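In terms of the numbering used here, the numbers along the sequence shown are unbroken and rise by one, the last being 238.
These notes are about the structure you will find just below.
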Amino acid sequence: MKYLKLIKNILMVTFTIFILVGCSKKDEVSGNYLCLVNGKNLDIFIKEDSKATVKYRGKTYTASWKGDTNKINVETNILNKRRQLTLLKTGKFDMNLEIYTLLSPDKEAKDACYKLRTNSEKDLANYTYIITNNMLQNTEEKAKRLSTLKSDISIIKSAIIVERQSRLIQGDSTYIHSLSSNDSELFDKILSYPMKAGTTDGKWEKTGKYEYTFHVDKNTNIIFKYNNQNGNFQCISNCSLIDS
-5 MKYLKLIKNI LMVTFTIFIL VGCSKKDEVS GNYLCLVNGK NLDIFIKEDS
45 KATVKYRGKT YTASWKGDTN KINVETNILN KRRQLTLLKT GKFDMNLEIY
95 TLLSPDKEAK DACYKLRTNS EKDLANYTYI ITNNMLQNTE EKAKRLSTLK
145 SDISIIKSAI IVERQSRLIQ GDSTYIHSLS SNDSELFDKI LSYPMKAGTT
195 DGKWEKTGKY EYTFHVDKNT NIIFKYNNQN GNFQCISNCS LIDS
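Here's what the structure looks like:
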């Protein structure tokens, strides 16, 4: 009987520890994960019972989750489409807020999330400061890239005119047929120092026979087209960004 009672006590202790560990893990996971996706707020509220809610563009969706503090998989329906979101722990902190990376199967971009254990005024104030600071920094960087773009446009247009003048001196009234001889060193036919092509922010890319795209940021591109009949190098998309 003593042995049975001992075994019973051991089992009870083991079971209690198991429950406490499980609750502890869930408690560590639970919290508010505030993310920015393409400039839009996406908030994930993790609860202790494997349930969650996702708030996106002013609407709230029910969700479920599984995982641990290092990797949390969230499933939900957003705009009638099944979504699988993964929160990965980075081990980094900003303003005492833990940083996670949000991954989604249908997008390559990785978005940063900030975990709030509570909705305390301090945590919310820290998050607001981080987001506002990031937005201001992004706005400043975007303004610098647009300023560089305007300078590039002036240089390209001037180079087209200079090239045309050299043709007229030789009795040729046509405009240069194309501005680039390859897709990596752009405008090399008119510039002494060509522009290196790329798809990152602040880079030019040749996207057609006579078409060029300037990448302002991951959500904004400005497209230009060269007309070899009249020598015009004109903006054809998102032109309002450079009109001011």
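A virtual CB, placed ideally from N, CA and C, is assigned to each residue, including glycine.
Quick caveat, the model's predicted, so the values are computed rather than measured.
Those residues which DSSP pairs with residue i across a bridge
i: C107; result: C29, Y94
i: F39; result: N26, T47
i: C229; result: F218
i: Q78; result: E69
i: K34; result: V31
i: H209; result: K197, N215
i: G61; result: I66
Helix, strand or coil at residue i according to DSSP, with G and I counted as helix
i: T142; result: helix
i: R51; result: coil
i: K116; result: helix
i: Q223; result: coil
i: K203; result: coil
i: T56; result: strand
i: D195; result: coil
i: T84; result: strand
i: K151; result: helix
i: S180; result: It is worth fixing the name first, because residue 180 is Leu in this sequence and not Ser. Strand at L180.
i: D237; result: helix
i: F136; result: It is Lys, not Phe, that sits at residue 136 in the sequence shown. Three-state result, K136: helix.
When the options are compared against residue i, the one with the closest alpha-carbon
i: Y220; options: Y187, I155, V31; result: I155
i: L28; options: D146, R158, L118; result: L118
i: N224; options: T168, L173, V68, F218; result: T168
i: R76; options: V23, S24, D43, T56; result: T56
i: I72; options: N213, D62, G61, T47; result: T47
i: K190; options: I124, D146, Y204, T214; result: D146
i: D242; options: T142, E135, E157; result: Residue coverage of the chain in this structure runs from -5 to 238, which leaves residue 242 outside it and unanswerable.
i: T193; options: Y187, N215, K60; result: N215
i: S174; options: I66, S160, R161, G202; result: G202
i: Q78; options: S141, S98, K45; result: S98
i: E69; options: G52, R51, K53, S44; result: S44
Within-7 Å CB hit, residue i to chain C
i: S98; result: Reference to chain C is not applicable here, since this structure consists of a single protein chain.
7 Å CB neighbourhood of residue i in its chain, flanking five on each side removed
i: I13; result: Confidence in I13 is poor, its pLDDT being 37 and thus under 50, which makes the residue's placement too unreliable to answer from.
i: K41; result: S24
i: N64; result: K83
i: A137; result: none
i: K86; result: I93
i: R139; result: D195, G196, V210
Test item: CB-CB of residue i and residue j under 7 Å
i: N128; j: M89; result: no
i: H171; j: N226; result: no
i: Y94; j: L81; result: yes
i: K197; j: H209; result: yes
i: K144; j: I38; result: no
Nonlocal neighbours in the same chain, by C-beta distance under 8 Å from residue i, ignoring five residues either side
i: A153; result: F181, I184, L185
i: S178; result: K190, A191
i: I149; result: L185
Sequence-distant residues of its chain with Cβ nearer than 6 Å to residue i (five each side left out)
i: C233; result: none
i: I217; result: T207, I230, S231
i: E92; result: K109
i: C245; result: Residue 245 cannot be examined here, being either before or after the span of the chain that is shown, -5 to 238.
i: K49; result: D37
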